[in-house]
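The UniProt record's numbering numbers the first residue of the sequence shown as 1 and each following residue consecutively. Positions of the beta carbon are idealized from the N, C-alpha and C atoms, including for glycine. Nothing here was measured: the structure is a model prediction, and the numbers come from that model. Taking it in order: structure first as structure tokens, then the write-up.
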Amino acid sequence: MSSAAVFAQAISELENYTACDISDALLKLKVPGAGFISDLTQYSPRNTSSGSIKEEKVTVAPVSTVLFTAKDEDPATTSSRPAPNFPKNTHWVDNAVPGTFAILQQAAGQTNAICGGIMALRMKVLGVKGIIVAGRVRDLVELQSTELPIWALGTSTVGSGGSSTPWAREVPLTINGVLVTPGDLAFNDPVNGVVVIPQDKVAQVLELLPKLTSADDKAKADVALGVSVKEAFERHRG
């Protein structure tokens with residue numbers, strides 16, 4: 001089986017689990033933050049059917065990254081940053097990578113957005129599977145019209161032009177203590193949140209998941225029968 005086929009099979013298997021299951025496995029593997037990107041809110045898609053909740057499925061896809069900086073930043077602070085690498089005379093969004101979950105990181109403390117309706121639409125047209133913004137978004141109705149899963153730390157009415165500039169693509173990012181590297185897997189769970197699985201941990205995560213979820217199922221069954229959590233955990237979690 002080719003490496004691409006193996007990767008596709010791994011993604012298919014992961015889609016049977018929840019973000020909480022994934023973080024349990026990553027915690028066992030001592031991955032910082034158990035891969036959970038904290039404090040995100042899902043802004044798209046929006047449930048519009050009255051009186052019912054539209055079912056949204058787990059989405060798993062490789063990560064692509066975009067790092068933004070502040071336009072007025074002191075040049076002395078850029079020494080520890082990756083070199084700028086966007087092709088000349090291109091817009092950053094036209095470099096979006098099809099089939100990936102695009103993760104964008106904004107400079108801290110800014111109140112403008114770095115992703116709005118036109119950017120999200122372009123990414124959808126190019127085949128991006130979802131968008132995570134470690135920063136702010138705007139044009140919420142337009143974002144929702146893409147039906148892409150889109151998460152962000154907050155919103156704004158202000159566009160990126162005045163304060164932010166795209167700096168580099170396909171570079172490592174650190175978001176709320178979680179290292180995100182291009183090629184890692186973004187696990188988008190619309191109920192529980194977003195987890196990033198380091199690409200070198202995927203096989204180990206898949207090996208652990210059946211054992212961990214089976215142990216939890218047995219513990220829940222015992223607790224439902226009146227067994228204490230302490231005893232149930234001792235029986236099944238070890």
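The C-beta of residue 9 has fewer than 16 other C-beta atoms within 10 Å across all chains shown, which makes the residue exposed. Counting the other CB atoms within 10 Å of its CB gives residue 225 a total below 16, which places it among the exposed residues.
Given a length threshold of 4 residues, each whole run of the alpha helix (DSSP H) inside the segment 137-164 is given here in chain order: 140-145.
Residue state for residue 110 is assigned as coil, using DSSP reduced to three classes. A residue is called buried when at least 16 other Cβ atoms come within 10 angstroms of its Cβ; residue 138 meets this threshold and is buried.
Assignment of residue 182 by DSSP, reduced to helix, strand and coil, places it in the coil class.
Per DSSP, residue 125 has no beta-bridge partner at all. Under the Cβ criterion (8 angstroms, minimum of three pairs), the segment 127-146 counts as touching the segment 28-48.
Fully enclosed beta strand (DSSP E) runs of no fewer than 3 residues occupy 178-180, 185-189, 193-197 of the segment 176-227, in order along the chain.
About 13 angstroms separates the beta carbon of residue 180 from that of residue 188, a gap too long to meet the 8 angstroms contact definition. Looking only at 202, 222, 237, 199, the smallest Cα-Cα distance to residue 213 is reached by 237. Per DSSP, reduced to three states, the secondary structure at residue 44 is strand.
The distance from the Cβ of residue 96 to that of residue 126 is about 5 angstroms, consistent with a contact at the 8 angstroms cut-off. Per DSSP, the beta bridge partners of residue 169 are 66. Residue 104 is bridged by DSSP to 66, 133.
Taking the Cα positions, residue 112 is about 14 angstroms away from residue 104. DSSP, read as helix, strand or coil, puts residue 36 in strand. Annotation for residue 235: the continuous alpha helix (DSSP H) segment containing it runs 229-236. For the 7 angstroms CB-CB criterion, residue 59 and residue 149 form a contact. In this chain, the alpha helix (DSSP H) harbouring residue 21 covers 19-28. By the criterion of a C-beta distance shorter than 6 angstroms, residue 222 is surrounded in its chain by 232, once the five residues flanking it on both sides are discounted.
Pairing residue 118 with residue 185, the inter-Cα distance amounts to about 25 angstroms.
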